[in-house]
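Asks: Got a structure for you, written out below as structure tokens; questions coming shortly.
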DNA sequence: ACACCAGAGG
DNA sequence: TTCACACGCTCCG
DNA sequence: GAGCGTGTGTCTCCTCTGGTGTCC
Ligand SMILES: [Mn+2]
Ligand SMILES: [Mn+2]
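In the UniProt record's numbering, the protein residues as written are 1 to 542.
Written out as structure tokens, the structure is:
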């Protein structure tokens with residue numbers, strides 16, 4: 001209500017923009033239903049189009065006519081008539097009791113079902129009545145006295161498919177348009193060729209939808225039955241299939257269905273699946289197999305994270321199968337110190353307590369966690385991240401290139417990243433970072449945390465962080481963005497006089513270093529970067 | 001009477 | 001649909 | 001204390017409102 005746009009039918013204009021964008025780019029891939037919908041939609045009168053878009057954007061698919069009241073549309077029944085005639089909306093849908101309860105308020109339920117205890121909660125009333133009212137009826141049959149109507153949107157799935165084609169995903173929705181218009185979400189504008197689109201063939205769209213349905217089943221706690229068993233030719237979708245298998249395996253593990261989990265993990269190449277497979281074998285008591293798989297993995301770990309996990313599991317598994325312990329390589333222990341502090345009230349968190357205690361005028365301390373280094377990387381490499389690589393950007397609302405987490409993200413932009421990172425050799429990086437910080441401020445980015453990086457922090461970081469270290473961090477990040485974008489220490493302390501820095505991971509009572517934090521600390525140790533772990537204990541106060 | 005929250009909105 | 005912490009359990013030296 | 005698993009809070013724009021239930 002606070003913000004206003006000039007056009008009261010802004011949502012209709014946005015939807016029409018999206019439809020024509022999608023129609024232009026997917027002419028060869030649309031199926032009959034989608035084509036029919038677009039044709040039909042374009043022939044509707046404006047009020048009917050607007051009402052349909054309101055329904056598409058709302059929860060649905062069932063709506064009470066009285067709840068579809070819009071000044072800019074006018075009379076709802078008149079606006080709905082063409083939608084009913086075209087079959088886009090059903091005017092007398094059969095409703096089961098659950099659907100009916102979703103549309104009625106308590107007072108209406110009390111009137112319609114006088115026998116049920118009005119003091120019960122709605123869900124309990126539903127439980128009681130459900131056995132007596134198994135059959136579906138139309139709204140006017142349920143409540144003959146009611147003057148209201150119920151409409152059912154019939155084109156929700158078609159619109160979801162068109163939304164998927166437009167965005168290339170299903171987590172973005174049509175509100176992106178208005179949020180961008182209002183400046184609430186701001187996106188980098190990348191040149192998008194008229195041929196750019198998220199999907200290259202019809203089958204990929206169908207596969208995406210199938211995988212998405214499976215994922216929803218998993219999230220609902222169900223056991224997904226129809227995950228595609230064969231590898232997919234599209235690497236992006238194959239990655240999503242693998243992720244799905246991994247989630248299904250975890251689901252089975254949590255349900256203690258170890259045989260099923262074992263079958264799933266055995267066929268799953270997703271990162272981490274092999275380690276889970278070993279754990280499941282161990283939990284089954286199949287120590288020989290667990291050890292064999294772990295030993296084989298140890299010869300060729302898929303990444304550092306798996307190497308860490310294997311290093312913990314292998315000594316135990318060797319013992320289980322009666323092998324002698326192997327000489328363990330000494331784990332490099334990080335430098336540590338302990339603070340004993342009074343526990344502040346109100347309690348701001350252990351990191352802030354430690355920050356405030358360590359802070360000095362000439363050695364300010366910031367609570368940055370992953371935000372600082374990722375942001376500096378995102379600023380220096382802005383042009384490479386948002387380079388108009390074919391297929392990476394295909395609509396105006398990309399926070400990141402579509403292939404950010406694909407294996408060939410870096411190879412496809414090698415020259416651009418070289419150009420960005422080479423500025424760390426010449427000293428030009430400081431001005432580039434400052435300029436991006438100014439020019440791109442507030443734009444969505446997969447790396448830059450605008451709210452965390454103020455001018456003071458930025459200048460201190462540029463003063464005190466040596467470019468050699470920035471280069472090592474950024475290169476490591478580019479090697480594996482998913483794995484290396486997190487795990488950085490809580491605090492950073494800048495020695496303004498000496499132009500030095502130190503990173504400090506804060507650990508409160510009971511907290512321990514996590515795997516990604518250990519990997520980060522080990523990396524820093526290898527390259528002579530200062531990191532310490534600060535253990536905080538609370539001063540007893542009676 | 002009040003707190004909470006899901007949904008709607010720009 | 002992330003990331004980090006809090007916390008409880010088992011096992012083992 | 002190490003190793004492991006699970007639960008939780010804070011994020012997803014922010015504000016307003018109608019409806020629910022007495023709390024999560
Ligand atoms: Mn932290
Ligand atoms: Mn910490």
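Note that the Cβ used here is the ideal one computed from N, Cα and C, for glycine as well.
Is residue 365 near ligand 2, going by C-beta to nearest heavy atom under 7 Å?
Replies: Residue numbering aside, residue 365 sits at position 365 when the first chain is read from its first letter. No.
Asks: I need the straight-line Cα distance from residue 458 to residue 530, nearest angstrom please.
Replies: Here residue 458 refers to the residue found at position 458 when the first chain is read from its first residue. Here residue 530 refers to the residue found at position 530 when the first chain is read from its first residue. Taking the straight line from one Cα to the other gives about 19 Å.
Asks: Could you name the residues whose beta carbon sits closer than 5 Å to any heavy atom belonging to ligand 2, keeping them in chain order?
Replies: Per the Cβ criterion, the list is 490, 506.
Asks: Do residue 137 and residue 103 have their beta-carbon atoms positioned less than 8 Å apart in this structure?
Replies: Within the first chain, residue 103 is the residue found at index 103, counting from 1. Within the first chain, residue 137 is the residue found at index 137, counting from 1. Against a cut-off of 8 Å, the Cβ pair of residue 137 and residue 103 comes out as no contact.
Asks: Excluding the five sequence neighbours on either side, which residues of its own chain have a C-beta within less than 7 Å of the C-beta of residue 554, listed in chain order?
Replies: What is shown of the chain runs 1 to 542, which leaves residue 554 out entirely.
Asks: Roughly how many angstroms separate the alpha carbons of residue 415 and residue 73, rounded to a whole number?
Replies: Taking the first chain and counting its residues from 1, the one referred to as residue 415 is at position 415. Taking the first chain and counting its residues from 1, the one referred to as residue 73 is at position 73. Spanning the two alpha carbons is a distance of roughly 53 Å.
Asks: Please classify residue 115: is it buried, with 16 or more other beta-carbons within 10 angstroms of its beta-carbon, or exposed?
Replies: Here the question's residue 115 lines up with position 115 in the first chain. Classification for residue 115: exposed.
Asks: If we count the other Cβ atoms within 10 Å of its Cβ and call it buried at 16 or more, is residue 22 buried or exposed?
Replies: Residue mapping note: residue 22 aligns to position 22 of the first chain, counting from 1. Looking at its Cβ environment, which holds 16 or more other Cβ atoms inside 10 Å, residue 22 is buried.
Asks: Compute the minimum distance between the beta carbon of residue 257 and the heavy atoms of ligand 1, and state whether it is under 7 Å.
Replies: Taking the first chain and counting its residues from 1, one reaches residue 257 at position 257. Answer for residue 257: no, Cβ out of range of ligand 1.
Asks: Does at least one heavy atom of ligand 1 sit under 7 Å from the Cβ of residue 351?
Replies: As a position in the first chain, residue 351 is number 351, starting the count at 1. Yes.
Asks: So, using beta-carbon positions, are residue 89 and residue 151 closer together than 8 Å?
Replies: Locating residue 89 in the first chain gives position 89, where the first residue counts as 1. Locating residue 151 in the first chain gives position 151, where the first residue counts as 1. It is a contact, given that the beta carbons lie within the stated cut-off.
Asks: What distance in whole Å lies between the Cβ atoms of residue 290 and residue 281, which are believed to be in contact at a cut-off of 8 Å?
Replies: Residue 281 sits at position 281 when you count from the first residue of the first chain. Residue 290 sits at position 290 when you count from the first residue of the first chain. About 4 Å; that satisfies the 8 Å criterion.
Asks: Would you list the residues sitting across from residue 487 in a DSSP beta bridge?
Replies: Along the first chain, one-based indexing puts residue 487 at 487. BP columns for residue 487 are empty, so no partner.
Asks: Should residue 234 and residue 271 be called a contact, given that it needs their Cβ atoms to be closer than 8 Å?
Replies: Along the first chain, one-based indexing puts residue 234 at 234. Along the first chain, one-based indexing puts residue 271 at 271. Not a contact, by the Cβ cut-off of 8 Å.
Asks: Could you pull the DSSP bridge partners for residue 190 from this structure?
Replies: Here residue 190 refers to the residue found at position 190 when the first chain is read from its first residue. For residue 190, which the question treats as bridged, DSSP gives no partner whatsoever.
Asks: At what residues does the alpha helix (DSSP H) containing residue 208 begin and finish?
Replies: As a position in the first chain, residue 208 is number 208, starting the count at 1. 202 to 219 is the span of the alpha helix (DSSP H), which, as asked, contains residue 208.
Asks: Kindly confirm or deny that the segment 119 to 138 and the segment 30 to 45 touch, where touching means at least three C-beta pairs closer than 8 Å.
Replies: No: fewer than three Cβ pairs fall under 8 Å.
Asks: Going by C-alpha to C-alpha distance, which of 397, 424, 464, 142 sits closest to residue 187?
Replies: Here residue 187 refers to the residue found at position 187 when the first chain is read from its first residue. Of the listed residues, the one whose Cα sits closest to residue 187 is 397.
Asks: How should residue 507 be labelled, buried or exposed, when 16 other C-beta atoms within 10 angstroms of its C-beta is the threshold for buried?
Replies: Here residue 507 refers to the residue found at position 507 of the first chain. Classification of residue 507: buried, given that the 10 Å Cβ count is 16 or more.
Asks: Thinking C-alpha only, which one of 208, 219, 253 is nearest residue 232?
Replies: Sequence index remark: in the first chain, residue 232 carries index 232 (1-based). When only C-alpha atoms are compared, the closest one is 208.
Asks: For residue 306, verify whether its CB is less than 7 Å away from any heavy atom of ligand 1.
Replies: On the first chain, residue 306 is found 306 positions in, with the first residue counted as 1. For ligand 1, not one heavy atom lies less than 7 Å from the Cβ of residue 306.
Asks: Identify whether residue 529 lies in helix, strand or coil by the three-state DSSP scheme.
Replies: Taking the first residue of the first chain as position 1, residue 529 is located at position 529. Residue 529 falls in the coil class under three-state DSSP.
Asks: Could you tell me whether the Cβ atoms of residue 287 and residue 321 are closer together than 8 Å?
Replies: For the purposes of this step, residue 287 is identified with residue 287 of the first chain, where counting begins at 1. For the purposes of this step, residue 321 is identified with residue 321 of the first chain, where counting begins at 1. Yes, the pair counts as a contact, with Cβ atoms nearer than the cut-off.
Asks: Grab the span of the alpha helix (DSSP H) containing residue 261 for me, first residue to last.
Replies: The count along the first chain starts at 1 and reaches residue 261 at position 261. Start and end: 258 to 266.
Asks: Starting from residue 366, trace the beta strand (DSSP E) in both directions and tell me its first and last residue.
Replies: In the first chain, residue 366 corresponds to position 366, counting from 1. Residues 365 to 367.
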